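Trainee:
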Amino acid sequence: MIFVNRFWLSFPFQREILSAKLNCRDLFIHFNNCISGIQRTVRTINSFFDIENHRPQFSLQECASLLQRFSDLRDVNNGKSLHSILIKSGLHRDVFVQNNILRFYAACEELMNARLLFDEMPEPNLISWTSMISAYVQYGYNDLGLQLFSLMCRSGLWPNEFGYSVALKACGVTGNLLMGKVLHGQTLKSGFELCFFCNSSIFNMYVKSWEVDDARKLFNEIPLNERSEALWNTLLDSCVQVSKAKEAINFFHQMLHFNVSPTCYTYAILIKSCTDLWNFHLVKSFHGRTVMVGLDNHSFVGGALVDTYSKLGFLEDAYKVFQELEEKDNVVWSSLLAGFHQSGVAEQGLQLFGQFVSEGHKLDPFIFANAFSLCSSIEVTAVGSQVHCSFIKSGFALDSFIGSSLINMYVGTGMVCHAYKCFLEVRHKNEICFNAMIAGLTFHSEDGKALELFCKMRELGLIPGHSTISYVLRACANLHKLEEGRALHSLIVKTLVDSDSNFGTGNALIELYAKRGVVEEAIMVFKEMDVPNEFCWTTIISSYTESERWEEALFLFLDMICSSKFIKPSQFTLVVVLQACTRLPALNQGKQIHGYIIKAGFELHSFVGSALISMYGMSPIKSDIYDASRVFSSMTERDIVSWSAIITAWEQHGYGEEALKLFIEFQHTSIPVDESVLSSCLAACASLVALESGKWIHSCIIKTGFESNLHVGSSIIDMYCKCGSILDAVKFFDGMERHNTVSWTAMITGYAHHGFGKEAIELFNGMKEAGLEPDGVTFIGVLTACSHVGLVKEGWQYFESMRNNYGLDITINHYACMVDLLGRAGQVDEAEALIKTTPFQSKTPLWKTLLGACNKHGNVQVGNRIAKILVELELDEPSTYVLLSNMYASASMWDHSIELRDRMKGEHINKDPGCSWVQVAT
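Just so we're aligned: the sequence shown equals residues 17 to 938 in the numbering used here.
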């Protein structure tokens with residue numbers, strides 16, 4: 017089998033070598049076929065082979081060149097194959113060959129194989145030690161690099177200037193200032209104080225350890241004539257790398273003071289420092305300087321300008337610089353592509369990528385990474401797949417850097433399966449690659465896989481960052497895995513610096529604890545945060561509201577806006593707080609927040625406006641509905657949520673006609689209707705007993721396809737029942753494909769109120785046979801049915817089964833049904849005894865129900881006793897007097913009845929006259 021087009025697909029070849037099925041000649045012929053697919057190669061392998069002796073006859077230098085070629089291409093498989101050939105030929109024993117193989121493995125991130133080779137070397141020389149140490153430091157294993165450096169020194173082999181520079185770099189990254197100072201002293205003793213590499217690493221080490229004064233002192237000790245431009249640039253670059261841009265600019269002014277001419281690299285460093293300072297005018301200043309000295313067309317300067325302008329959001333300036341550049345290298349192209357992605361203009365960015373390809377420029381991993389990022393921002397998945405195909409054809413290895421971009425692209429376009437497949441193909445996955453995949457899985461609700469991947473990440477010894485931890489914590493919250501979340505909390509406290517002050521991790525922890533109902537732990541995390549941001553405040557306030565701690569949510573909001581470090585609430589924060597005011601209810605506080613909203617300019621926002629409408633709409637004060645209407649009228653942008661809120665508000669306040677008028681107005685908009693609006697309109701028809709209007713709403717429901725919606729269907733049944741059309745209700749109920757507890761309850765209640773008690777109880781039994789659990793509202797319907805039919809024994813059984821069989825709370829409405837049941841059956845004394853055993857502080861509705869029963873059965877003695885209780889509870893309630901007067905009249909006690917009526921007139925206790933209407937067909 018010959019592989020000539022894709023040099024990395026030589027796994028069968030490698031297996032054949034390991035199984036020793038091919039002889040030496042076959043190995044080289046097969047290997048030559050693989051190499052012929054590469055764009056250029058050193059020499060034909062067959063020419064290095066002596067057919068008679070079956071031994072490769074190429075020089076060690078040619079072997080090194082071939083290994084370097086594989087290193088450049090990151091071609092691990094063919095490199096390993098060559099290593100196998102060298103082992104079989106015996107050339108692997110040469111230390112020169114060993115060092116080249118070591119560097120090959122290091123370049124391909126095969127650190128484990130590199131270390132195995134290093135440990136097997138009988139006498140590693142200085143190059144061997146330095147290569148292995150450098151590989152560790154290059155890929156972030158700085159502690160291992162320093163350990164190996166110490167081992168080299170103990171073996172009696174002293175490092176050269178390159179060895180010292182690598183070790184000093186590792187000290188800077190790890191913050192090991194003590195060891196760094198020791199190495200600094202050794203460089204002075206070894207005579208390397210004038211070495212550029214050593215001095216650069218020393219500056220980096222001091223600056224990265226936040227010892228800028230020591231770096232400045234060291235730099236000042238160097239004679240002026242020996243401070244080269246490169247040394248100045250190193251000092252500037254060290255400051256920029258640790259986000260000390262102001263220090264870099266100060267050093268730049270010193271550089272000018274000593275008449276040192278800045279180079280193109282100097283300006284490139286300074287221009288990039290403006291990104292940290294977020295200073296557009298400073299970029300313009302440096303840009304002007306480069307124009308004056310004629311460096312503005314240099315690729316380094318141009319690339320820095322394009323990159324900085326793009327990151328600051330000035331894409332037009334970046335593109336102008338790009339067009340004016342005479343020579344554009346891949347770095348400049350990559351910077352502009354990244355700028356297009358950051359500015360949200362992906363289509364123009366992909367056009368630029370197409371221009372790059374059409375002009376014949378050589379593609380590299382950075383160009384592809386930016387192209388993948390652009391593809392993730394558009395909905396056309398085919399474009400990303402085409403770019404991916406181009407990447408495969410180009411022959412680049414799928415490492416962690418390019419793999420992360422590819423994963424993000426597929427995740428962004430919703431193709432999480434493709435993203436996971438790419439993840440599995442990535443060689444040497446690092447923390448960034450794992451983070452990209454875990455983020456994608458949690459975003460697409462694959463929380464279980466995200467946790468599995470996190471466990472795999474930990475098994476590999478990779479340390480997750482704040483971002484990864486945040487995603488995994490959210491996965492734990494969604495999967496109800498509180499203990500796993502607590503374990504993660506312990507992990508980040510032990511392994512991550514400032515874990516609680518990190519916004520992402522803190523938010524995720526608060527969200528986890530809040531969702532799982534342990535609000536106190538969420539509060540502890542919140543209090544430990546140094547300066548919580550707006551999202552943290554909103555999350556903890558939401559946790560209070562979700563646990564129904566409305567007052568504490570309001571107090572926390574007050575702390576938020578009154579804190580010394582003022583945090584401006586977002587629209588979502590305001591919505592959450594208004595919901596707390598609605599639930600309390602706390603209308604006065606809600607009105608104060610409304611005033612704050614007006615000052616902050618949020619009122620016209622649809623979410624905030626809808627929350628205000630709901631707050632006023634839920635108020636028990638009828639006049640507050642007009643405040644809700646004013647809020648709705650002031651909204652310039654209305655969505656379905658705001659329309660639903662205002663229609664529901666009018667309906668709940670008893671203004672069904674206004675609700676229906678608004679629905680007619682709503683139909684003239686282009687906003688699609690939803691189930692909430694339709695249900696509110698049906699409720700309005702039910703309250704108005706407007707059957708024809710209800711049928712019209714029903715026809716609208718059929719046209720919009722909501723008839724199969726269970727919530728809407730239950731509202732249709734309720735509307736027909738309350739409008740007196742029980743047959744239409746039964747017909748619709750029987751025609752429903754699916755039923756839930758609400759629809760069963762609506763039909764049972766409808767039967768009960770229409771006097772069809774037996775049918776209601778039969779339907780209740782059918783509901784239980786269907787496997788649905790009744791709720792408290794269902795039992796109100798069942799008890800009402802028993803009351804209308806006179807099933808006292810069955811009523812008691814249903815009443816007791818609520819708590820015993822279903823674990824439901826018995827409310828005052830259930831007791832009212834039982835009092836009505838006993839009263840209708842003439843068991844007035846039993847009803848009175850039941851009322852006295854109820855746990856409610858206010859029993860007025862129950863006493864009124866019993867008084868009505870006394871009126872029906874002419875039980876004046878008990879009625880008088882109950883009336884006295886009611887008069888004491890409600891001195892000016894006319895219904896009590898009317899019931900008592902009617903009872904006297906029914907018992908022919910006319911003197912008492914007339915006396916009571918006169919008393920009502922004398923105390924100005926008036927009863928509103930009853931009324932009814934009839935809908936006239938037009």
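Backbone N, C-alpha and C fix where the C-beta goes; we use that ideal spot for every residue, glycine too.
Note that the coordinates shown come from a computational prediction; the quantities given were computed from them, not determined experimentally.
Give the DSSP-derived three-state secondary structure of Pro790 in the structure shown.
Mentor: Position 774 of the sequence shown, counted from the first residue, corresponds to residue 790. Coil at Pro790, not helix or strand.
Trainee: Can you determine whether any heavy atom of the ligand ADP sits closer than 7 Å to the C-beta of Ile103, and answer yes or no?
Mentor: The ligand content of the structure shown is nil, which means the ligand ADP is not present either.
Trainee: What does a CB cutoff of less than 6 Å around Leu891 pick up in its chain, not counting 5 residues either side in sequence?
Mentor: As a position in the sequence shown, residue 891 is number 875, starting the count at 1. Per-residue confidence for Leu891 stands at a pLDDT of 48, beneath the threshold of 50, marking its modelled position as unreliable; the derived number appears in the next sentence. Closer than 6 Å at Cβ, skipping near neighbours: no residue.
Trainee: Please report the Cβ distance between Glu125 and Tyr152, rounded to the nearest whole angstrom; I am assuming they are in contact, meaning their Cβ atoms lie under 8 Å.
Mentor: Looking up residue 125 in the sequence shown gives position 109. Looking up residue 152 in the sequence shown gives position 136. With a Cβ gap of about 11 Å, Glu125 and Tyr152 do not count as contacting.
Trainee: Ignoring anything shorter than 4 residues, give me the alpha helix (DSSP H) runs that lie fully in the segment 560-619, in order along the chain.
Mentor: 566-578, 587-599, 603-616
Trainee: Do you know whose CA, among Leu102, Asn266, Lys774, lies nearest Glu78's CA?
Mentor: Residue 78 sits at position 62 when you count from the first residue of the sequence shown. Here the closest residue by C-alpha is Leu102.
Trainee: Nearest by alpha-carbon distance to Met425: which of Asn386, Ser315, Pro480 is it?
Mentor: Sequence index remark: in the sequence shown, residue 425 carries index 409 (1-based). Out of Asn386, Ser315, Pro480, Asn386 has the C-alpha closest to the C-alpha of Met425.
Trainee: Can you have a look at Arg232 and say buried or exposed, based on whether 16 or more other CB atoms are within 10 angstroms of its CB?
Mentor: Taking the sequence shown and counting its residues from 1, one reaches residue 232 at position 216. Flag for Arg232 reads buried.
Trainee: If you draw a straight line from the alpha carbon of Trp248 to that of His357, how long is it in whole angstroms?
Mentor: Position 232 of the sequence shown, counted from the start, is the residue given in the question as residue 248. Position 341 of the sequence shown, counted from the start, is the residue given in the question as residue 357. Cα to Cα, the separation comes out at about 34 Å.
Trainee: Using only the alpha-carbon positions, how far apart do Phe433 and Asp643 sit?
Mentor: Within the sequence shown, numbered from 1, the residue matching residue 433 stands at position 417. Within the sequence shown, numbered from 1, the residue matching residue 643 stands at position 627. Note on identity: in this sequence residue 433 is Cys, with Phe being the wrong assignment. Rounded to the nearest angstrom, the gap between the Cα atoms of Cys433 and Asp643 is 51 Å.
Trainee: If we ignore side chains and look at the alpha-carbon of each, how far apart do Cys267 and Ser350 end up?
Mentor: By 1-based counting over the sequence shown, the position of residue 267 is 251. By 1-based counting over the sequence shown, the position of residue 350 is 334. One point to set straight first is that residue 267 is Phe, not Cys, in the sequence displayed. Distance from the CA atom of Phe267 to the CA atom of Ser350, rounded to whole angstroms, is 29 Å.
Trainee: Of all the alpha helix (DSSP H) runs that stay within the bounds of the segment 104-156, which reach a length of 4 or more residues?
Mentor: 111-123, 127-136, 142-154
Trainee: Which same chain residues, not among the five before or five after His200, have their C-beta less than 6 Å away from its C-beta?
Mentor: Here the question's residue 200 lines up with position 184 in the sequence shown. Taken in chain order, the residues that qualify are Ile218.
Trainee: In the DSSP assignment, the alpha helix (DSSP H) including Phe86 goes from what residue to what residue?
Mentor: Residue mapping note: residue 86 aligns to position 70 of the sequence shown, counting from 1. Phe86 -> alpha helix (DSSP H) spans 76-89.
Trainee: For Ala123, which option in Ile479, Lys205, Ser626, Ala413 has the closest C-alpha, if you only look at C-alpha atoms?
Mentor: As a working note, residue 123 is residue 107 in the sequence shown. That would be Ala413, whose Cα lies nearest to the Cα of Ala123.
Trainee: Roughly how many angstroms lie between the CA atoms of Ser289 and Leu76, to the nearest whole one?
Mentor: Counted from its first residue, the sequence shown places residue 289 at position 273. Counted from its first residue, the sequence shown places residue 76 at position 60. Each residue's alpha carbon lies about 46 Å from the other.
Trainee: Indicate the three-state DSSP secondary structure (helix, strand or coil) for Phe368 in the structure shown.
Mentor: Taking the sequence shown and counting its residues from 1, one reaches residue 368 at position 352. Per the sequence presented here, residue 368 reads as Leu, with Phe not at that position. The answer is helix: DSSP assigns Leu368 an H, G or I state.
Trainee: Among the candidates Ser901, Thr146, Ala832, Phe856, whose CA atom is the shortest distance from the CA of Leu862?
Mentor: Position 846 of the sequence shown, counted from the start, is the residue given in the question as residue 862. Answer by Cα proximity: Ala832.
Trainee: At which residues does the alpha helix (DSSP H) containing Ala644 begin and terminate?
Mentor: Here residue 644 refers to the residue found at position 628 of the sequence shown. Unbroken alpha helix (DSSP H) run through Ala644: 640-650.
Trainee: Give the DSSP-derived three-state secondary structure of Asp323 in the structure shown.
Mentor: In the sequence shown, the residue the question calls residue 323 occupies position 307. Residue state, collapsed to three classes: helix.
Trainee: Closest to Gly611 by C-alpha separation, out of Val647, Ser630, Arg599, would be which residue?
Mentor: Counting from one through the sequence shown, the residue named residue 611 turns up at place 595. The shortest Cα separation from Gly611 among Val647, Ser630, Arg599 belongs to Val647.
Trainee: Taking the alpha-carbon of Asp110 as reference, which of Tyr121, Leu133, Arg819 has the nearest alpha-carbon?
Mentor: On the sequence shown, position 94 is the one that residue 110 refers to. When only C-alpha atoms are compared, the closest one is Leu133.
Trainee: If you follow the alpha helix (DSSP H) that Glu871 is part of, which residue opens it and which one closes it?
Mentor: Start at 1 with the first residue of the sequence shown, and residue 871 comes out as number 855. One detail in the question is off: residue 871 reads as Asn in this sequence, not Glu. DSSP places Asn871 in the uninterrupted alpha helix (DSSP H) bounded by 860-873.
Trainee: Use the C-beta contact count for Phe856: other C-beta atoms within 10 angstroms, 16 or more gives buried, fewer gives exposed.
Mentor: To locate residue 856, count along the sequence shown from 1; it is residue 840. Residue environment for Phe856: exposed (fewer than 16 other C-beta atoms within 10 angstroms of its C-beta).
Trainee: Measure the C-alpha to C-alpha separation of Ile557 and Ser392 and round it to an integer number of angstroms.
Mentor: As a first step, residue 557 must be located in the sequence shown, where it is residue number 541. As a first step, residue 392 must be located in the sequence shown, where it is residue number 376. Answer to the nearest angstrom: the Cα atoms are 34 Å apart.
Trainee: Give me, in chain order, the residues of the same chain whose beta-carbon lies closer than 7 Å to that of Phe940; leave out the 5 immediate sequence neighbours on both sides.
Mentor: Residue numbering for the chain in the displayed model covers 17 to 938; residue 940 lies beyond these limits and cannot be assessed.
Trainee: Got a sec, what are the start and stop residues for the alpha helix (DSSP H) Asn346 sits in?
Mentor: Translated into the one-based positions of the sequence shown, residue 346 becomes position 330. Per DSSP, Asn346 belongs to the alpha helix (DSSP H) from 346-358.
Trainee: Comparing alpha-carbon positions, which option in Ala596, Asn604, Trp659 lies nearest Gly625?
Mentor: As a working mapping, residue 625 is identified with position 609 in the sequence shown. It is Trp659.
Trainee: Rounded to whole angstroms, what is the Cα-Cα separation between Ser277 and Leu293?
Mentor: To locate residue 277, count along the sequence shown from 1; it is residue 261. To locate residue 293, count along the sequence shown from 1; it is residue 277. If I take the Cα positions, the gap works out to 24 Å.
Trainee: Tell me the residue span of the alpha helix (DSSP H) that contains Cys833.
Mentor: In the sequence shown, the residue the question calls residue 833 occupies position 817. 828-840 is the span of the alpha helix (DSSP H), which, as asked, contains Cys833.
Trainee: Quick check: the Cα distance between Met540 and Met431, rounded to an integer number of angstroms?
Mentor: Position 524 of the sequence shown, counted from the start, is the residue given in the question as residue 540. Position 415 of the sequence shown, counted from the start, is the residue given in the question as residue 431. Between the alpha carbons of Met540 and Met431 lies a distance of about 39 Å.
Trainee: If you reduce the DSSP assignment to three classes, tell me which class Phe388 lands in.
Mentor: To locate residue 388, count along the sequence shown from 1; it is residue 372. Note: Phe388 maps to helix in three-state DSSP.
Trainee: Tell me whether Leu34 sits in a helix, a strand or coil according to DSSP, three-state version.
Mentor: For the purposes of this step, residue 34 is taken as residue 18 along the sequence shown, with counting starting at 1. Residue confidence is low: Leu34 scores 34 on pLDDT, short of 50, so the model does not pin down where it sits. No coordinate-derived value is stated.
Trainee: Express the C-alpha separation of His482 and Leu507 in angstroms, rounding to a whole number.
Mentor: Here residue 507 refers to the residue found at position 491 when the sequence shown is read from its first residue. Here residue 482 refers to the residue found at position 466 when the sequence shown is read from its first residue. Computed Cα separation, rounded: 11 Å.
Trainee: For the alpha helix (DSSP H) that Ile479 lies in, which residues bound it at each end?
Mentor: In the sequence shown, the residue the question calls residue 479 occupies position 463. From DSSP, Ile479 is part of no alpha helix (DSSP H); its letter is neither H nor E.
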